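S.K.: Residue numbers for the sequence shown follow the working numbering, beginning at 1231 and rising by one. Ideal Cβ positions, reconstructed from N, Cα and C, are used throughout, including at glycine. Owing to the predicted nature of the structure, the values given are computational and were not obtained by experimental measurement. Quick one: the structure is below, questions incoming.
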Amino acid sequence: GGSRAPDTSLFVPVPLKPVGDAAEEDVGAELTQPLDKGEVLKNLNKFYKRKEIQRLGAENGLDARLFHQAFISFRKYIMESSSVSADLHIILNDICCGAGKVCLLGHVDDLFPFFLRHAKQIFPMLDCMDDLRKISDLRLPPNWYPDARAIQRKIVFHAGPTNSGKTYHAIQRFLSAKSGIYCGPLKLLAHEIFQKSNDANVPCDLVTGEERVYANEDARQAPHIACTIEMCSTNTPYEVAVIDEIQMIRDPARGWAWTRALLGLCAEEIHVCGEAAAIDLVTELMYTTGEEVEVQNYKRLTPLTVLDYALESLDNLRPGDCIVCFSKNDIYSVSRQIEARGLECAVIYGSLPPGTKLEQAKKFNDPDDPCKILVATDAIGMGLNLCVKRIIFNSIVKPTINEKGEKEIDTITTSQALQIAGRAGRYGSSFKQGEVTTMHRDDLAQLKEILSEPVRPVKAAGLHPTPEQIEMFAYHLPDATLSNLIDIFVSLSQVDGLYFVCNIDDFKFLADMIQHIPLNLRSRYVFCTAPLNRKEPFVCTTLLKFARQFSRNEPLTFDWLCRHTKWPLAAPKNIKELVHLEAVHDVFDLYLWLSYRFMDMFPDAALVRDIQKKLDDIIQVGVCNITKLIRASQSAAAAPGTAEVESEGFPFSRTKRDTRVVSDHLNAKSTGALSIAVEVPAERRTKNLKAYRPATRQEDLRGHGRGSLASRLLREGLLTQEMLRQLESEWQDQHRNGRYGLGSKRDDQSSSKETGRKKK
């Protein structure tokens, strides 16, 4: 399309200091006379109000907002400077002297060139808008990869659901080729192909952000390589490339990596694996490169049945069951209740180290291990081979991040549901067919509906500004912060209908965090692309310390890292300690990631890798004892003197959006106030609260798990059955009225009016 009007709210003015008492004489004052600042101010304000001047400003790229900011700065500069340049002094003097006289010496409009010069000094982008627009024009991404355009590539799309053998066929072709590259979304997947390839006597290297493992002893590159997709090289020629999980090209944060691989890999054959929903987009993208797409469709290899009944109670679990939860809190709660029934369960969630995930999967898959139940998040949707008979959705809503980077609670998509449900009854496992159901009866109809809908086609592919583009931007705007550069880049960028610009919130978060540290642009950019979870404060503060030390040119040594992380670490005694160990594991990952980009500044990668393996073992022990850790955390929370208790019995422990702590004065015996933390999602963003519910519905307050707050209060005599019933009916009334949360006693008067209940 035509050029977009820039979002000028992103233009940050460069501060200009007024001229102090300059040593050189005030030439303007000598030629004319000293300025009367009162008169000058009146005339400047007259200049600002003139329609003609505002129109001239707009012609030069100053919209109302920029015009106003530039004027305020211009006025301040003139009023606070002890002297101004001779030409400006003379004009100002003429305007002030000529005002009101018949013979006008000067007119306020004569200030415009000086005003515009000032505006361009504080807004340097005004002078180079055309250049900036050219740099941020993202309309022809195929042209960014001349090496790939120089060859005619054959594209084969292996389309099919989970468990259809599509990747298997692509990998067979990869193994039979003289050279090949596999690009996957996860370290686990890259690892698996690396292993498979070397086991089949096809030497293959492993490359992830944090790791390089060579098949050859002498670290010569092997002809085959398995990598995480962000790490693939677009200038090494291969015979065959495999791009796995191609539907992730639409991922709001990582989609750019699939686009880059698809358009940029230099391979004679590119085998793309994933959902059929991406066929049309891939075909259209390849049409723009002049390449044909051959589609091979695959059907699921084992039958998958959606059951007609929900599980309803954990008493109905069978060996080979996997309960899928969408929050860590639910994982803790469910695994605790399973163990309370005398059953062993394995636990897998996203923030566990890959080694621990594999260990837990192995334990669950082992026919001789007593552990026959798996509790997992949707982290099992990819990258782990599991022998699951039946998938049970604990809920069908999931916290997601929308395009604006805001958190929402949404019903899972058909694509997500199929990916997870498809894990049941894996081909070649001991279960010849898979089953899927829900925990709660009233989720089942909705799950059936979700699974029966066609998967929404993938409409657009992600793009991301390259470091070169950002460097060119910085050349034109040397005073802008990196976060601001990226914002201006995205606001000016133009994309073709087949593409979108990925959200860069994590990048900007890190850019803002390290803005005050003096780094050159390239290094700053690298630090900002570090893969870390910004919700982990320990990992973020570590990155900050890394950057600070790096900027002082002091290498980050093994000893420094051990001091910072307090290594060696003991096995965790409660959940909080386990979560901290996971964060330390991420810190070691961060060190390793940086060590590949700045080898001399992060010199001790080998030592760090050794302690990371030890830490993985410690975390494994913690996860094997996870229910003990949960018990320890809960008994600590119940100890006197701790006011806040995470209530299991109330449903809103699922989102971290808007925690309100409401105290419920159960003034029985001699207790003080006991405060129950109920996490309340912001209703306005929540689309589907019907589906939003506690871990088990019927038992809400009647002893959810045996160690729930309600049953503990009953045991300790702080709560009577009658009070419990009243609390339950209040909660249900408020739930019906859309008030999510518990009122305190003091709120009772108002809430009883609102809900129309008679106060007892």
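Less than 8 Å between the beta carbons of Ile-1621 and Ala-1654, yes or no?
M.R.: In contact: Ile-1621 and Ala-1654 (Cβ atoms closer than 8 Å).
S.K.: Compare the Cα-Cα distances from Val-1577 to each of Ser-1463, Ser-1565, Glu-1569, Arg-1403 and report the closest residue.
M.R.: The candidate whose alpha carbon is nearest that of Val-1577 is Ser-1565.
S.K.: Among Arg-1764, Val-1725, Arg-1752, whose alpha-carbon lies nearest the alpha-carbon of Met-1743?
M.R.: Arg-1764
S.K.: Tell me whether Cys-1617 sits in a helix, a strand or coil according to DSSP, three-state version.
M.R.: coil
S.K.: Using the three-state DSSP reduction, which class does Lys-1364 fall into: helix, strand or coil?
M.R.: helix
S.K.: Quick check: what's the CA-CA separation for Val-1688 versus Asp-1510?
M.R.: 8 Å
S.K.: Do the CB positions of Glu-1469 and Ser-1409 come within less than 8 Å of each other?
M.R.: yes
S.K.: Roughly how many angstroms separate the alpha carbons of Ala-1456 and His-1501, rounded to a whole number?
M.R.: Pairing Ala-1456 with His-1501, the inter-Cα distance amounts to about 14 Å.
S.K.: With DSSP as the reference, label Gln-1724 as helix, strand or coil.
M.R.: strand
S.K.: Starting from the C-beta of Lys-1587, find all residues in its chain whose C-beta is less than 6 Å away, skip the five residues before and the five after it, and write them out in chain order.
M.R.: Ile-1578
S.K.: How many Å lie between Asp-1816 and Phe-1556 at the Cα?
M.R.: 21 Å
S.K.: Report yes if the CB atom of Val-1536 is closer than 8 Å to the CB atom of Asn-1624, and no otherwise.
M.R.: No; because the gap between Cβ atoms is not below 8 Å, this pair is not in contact.
S.K.: With 16 other CB atoms within 10 Å as the buried threshold, where does Lys-1806 fall?
M.R.: Classification of Lys-1806: exposed, given that the 10 Å Cβ count is below 16.
S.K.: Does Tyr-1517 come out as helix, strand or coil in the three-state DSSP assignment?
M.R.: Note: Tyr-1517 maps to helix in three-state DSSP.
S.K.: Look at the alpha carbon of Phe-1818 and the alpha carbon of Glu-1589, and state the distance between them as a whole number of angstroms.
M.R.: 20 Å
S.K.: May I ask you to report which of helix, strand or coil DSSP gives Ile-1385?
M.R.: strand
S.K.: Out of Thr-1630, Ala-1866, Asp-1608, Pro-1597, which one is the CA nearest neighbour of Cys-1617?
M.R.: Pro-1597
S.K.: Using CA atoms only, rank isn't needed, just tell me which of Arg-1782, Ile-1473, Lys-1272, Pro-1248 is closest to Leu-1749.
M.R.: Arg-1782
S.K.: Of the residues Asp-1560, Phe-1594, Pro-1584, Asn-1804, which one's Cα is nearest the Cα of Glu-1199?
M.R.: Absent from the model: residue 1199. The displayed extent of the chain is 1231 to 1990, so no value can be given.
S.K.: Which residues does DSSP list as the beta-bridge partners of Arg-1827?
M.R.: In the DSSP output, where bridge partners are listed per residue, Arg-1827 has none listed.
S.K.: Where Leu-1436 and Phe-1424 are concerned, what is the direct C-alpha to C-alpha distance, given to the nearest angstrom?
M.R.: Their Cα atoms are separated by approximately 6 Å.
S.K.: Tell me where the beta strand (DSSP E) around Asp-1435 begins and ends.
M.R.: 1434–1438
S.K.: Helix or strand or just coil, what does DSSP make of Thr-1238?
M.R.: helix
S.K.: Quick check: the Cα distance between Ala-1483 and Asp-1324, rounded to an integer number of angstroms?
M.R.: 58 Å
S.K.: Give the secondary structure of Gly-1485 by DSSP, where H, G and I count as helix, E and B as strand, and everything else as coil.
M.R.: Helix at Gly-1485.
S.K.: Since Phe-1623 sits in a beta bridge, which residues does DSSP pair it with?
M.R.: Val-1554, Thr-1668
S.K.: With H, G and I counted as helix, E and B as strand and the rest as coil, what does DSSP make of Leu-1845?
M.R.: helix
S.K.: By the 10 Å Cβ neighbour count, where 16 or more other Cβ atoms means buried, how is Ala-1675 classified, buried or exposed?
M.R.: exposed
S.K.: Would you mind stating whether Leu-1712 and Tyr-1755 have Cβ atoms separated by less than 8 Å?
M.R.: yes
S.K.: Cβ atoms of Ala-1508 and Ile-1459: under 8 Å apart, would you say?
M.R.: no
S.K.: Which residues in the same chain as Tyr-1278 place their Cβ atom closer than 6 Å to its Cβ, once the five residues preceding and following it in sequence are excluded?
M.R.: Phe-1301
S.K.: Helix or strand or just coil, what does DSSP make of Asn-1428?
M.R.: helix
S.K.: DSSP three-state call for Pro-1343: helix, strand or coil?
M.R.: helix
S.K.: May I have the straight-line CA-CA distance separating Thr-1889 from Lys-1738, to the nearest angstrom?
M.R.: In this prediction, Thr-1889 scores a pLDDT of 30, lower than 50, which makes its location untrustworthy; no coordinate-derived value is stated.
S.K.: Give the single residue among Phe-1703, Ala-1540, Gly-1395 whose Cα lies nearest to the Cα of Pro-1354.
M.R.: Phe-1703
S.K.: Mind the definition here: the region 1362–1376 touches the region 1718–1734 only if three or more C-beta pairs lie below 8 Å; say whether that holds.
M.R.: yes
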